[in-house]
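For reference, the structure is listed below as C-alpha cells.
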Amino acid sequence: MVLKSLGNYKPCFWGTFKCIWSPSSVALEDIQLIFGRRGSEIAEEKKAETLRILDMERRQKQRVEEMREAQKKDEENLNIKERFRVEVRKELYRLEVTCINMASLLRGLGIHVEGGFQPLPNQVHAAYKRALLKFHPDRASKTDIRRQVEAEEKFKLISRMKEKFLSTSCY
-3 MVLKSLGNYK PCFWGTFKCI WSPSSVALED IQLIFGRRGS EIAEEKKAET
47 LRILDMERRQ KQRVEEMREA QKKDEENLNI KERFRVEVRK ELYRLEVTCI
97 NMASLLRGLG IHVEGGFQPL PNQVHAAYKR ALLKFHPDRA SKTDIRRQVE
147 AEEKFKLISR MKEKFLSTSC Y
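One point on numbering: in the numbering used here, the residue at position 91 of the sequence shown is 87, and numbering is uninterrupted.
Next up, the structure:
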C-alpha cells in the first residue's frame, strides 16, 4: 500500500479495492471529483443492487416452495403406490396359492400358453418370456400408478415362481 498526502486531507491508504481516509473538511464536490460520479448515480447503483438482491431472494423462495411441493407430491405418490401394492399383493397371493405349475400361473396372469393343458417346456418358456416383456416395470405405464404397481408385482411374482417351479421341477 502507498501512503499519500493530499493537501488538506490527512494521510490516506490506497488499497487494491477501497480507500480509507480521514478528511479534515471534505465537501460534496470534492467527493464527486474523487469518485467522478454524482450522488444520484451512486443512489441509482444502490437501488439497482437492492432490486437485484430482492429479485434473487424472491427466485430463491420460489425454488424452495417448488421443491417442497414436489416433495409433498412424491410422498403422496408413495402412499398411493403402497395402498395399491397391498391390494395387488392380495390378488396375486390368491393366484399364487391356486397355481400348480408355471403354465397355470401364466394363464392366470392372462398370458396365452400354447400346447393345451400340458404344454411342452419350450412352449412354457416362450410364454414366460412374453410375460416378462409384458410385465417388465420399465415398460409399464408411467402415468397410471396402479398399472405400474401391478406390473412391478407381477414381474416379481413371475421371477419368484420360476425359481420355485425350477427347484420342484414343475416348470
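All residues carry an ideal CB built from backbone N, CA and C; glycine is no exception.
This structure is a prediction, so every number in the text was calculated from the model and none was measured.
A straight-line Cα-Cα distance of about 10 Å links E40 and L47. The Cβ atoms of L101 and E87 lie no closer than 9 Å to each other. Between the segment 135 to 153 and the segment 74 to 88 there are three or more inter-stretch CB-CB distances shorter than 8 Å, so the stretches are counted as touching. A straight line joining the alpha-carbon of F113 with that of I154 spans about 19 Å.
Here DSSP, grouped into helix, strand and coil, assigns T139 to coil. When secondary structure is reduced to three states using DSSP, L105 falls in the coil class, being assigned neither helix nor strand. Of all C-beta pairs linking the segment 127 to 137 to the segment 102 to 111, three or more are shorter than 8 Å, placing the two stretches in contact.
Straight-line spacing of the CA atoms in R143 and S137 works out to 6 Å.
The alpha-carbon separation between L74 and I96 amounts to approximately 34 Å. Residue burial annotation: Y89 is exposed, with fewer than 16 other C-beta atoms found within 10 angstroms of its C-beta. Classified as exposed, P117 has fewer than 16 neighbouring CB atoms from the shown chains inside 10 Å of its CB. Between the alpha carbons of K43 and S36 lies a gap of roughly 10 Å. Cβ contact annotation for K158 (same chain, cutoff 6 Å, sequence separation greater than five): none. Between R156 and L162, the alpha-carbon positions lie close to 10 Å from each other. Here A66 is exposed: its Cβ has fewer than 16 other Cβ atoms, across all protein chains shown, within 10 Å.
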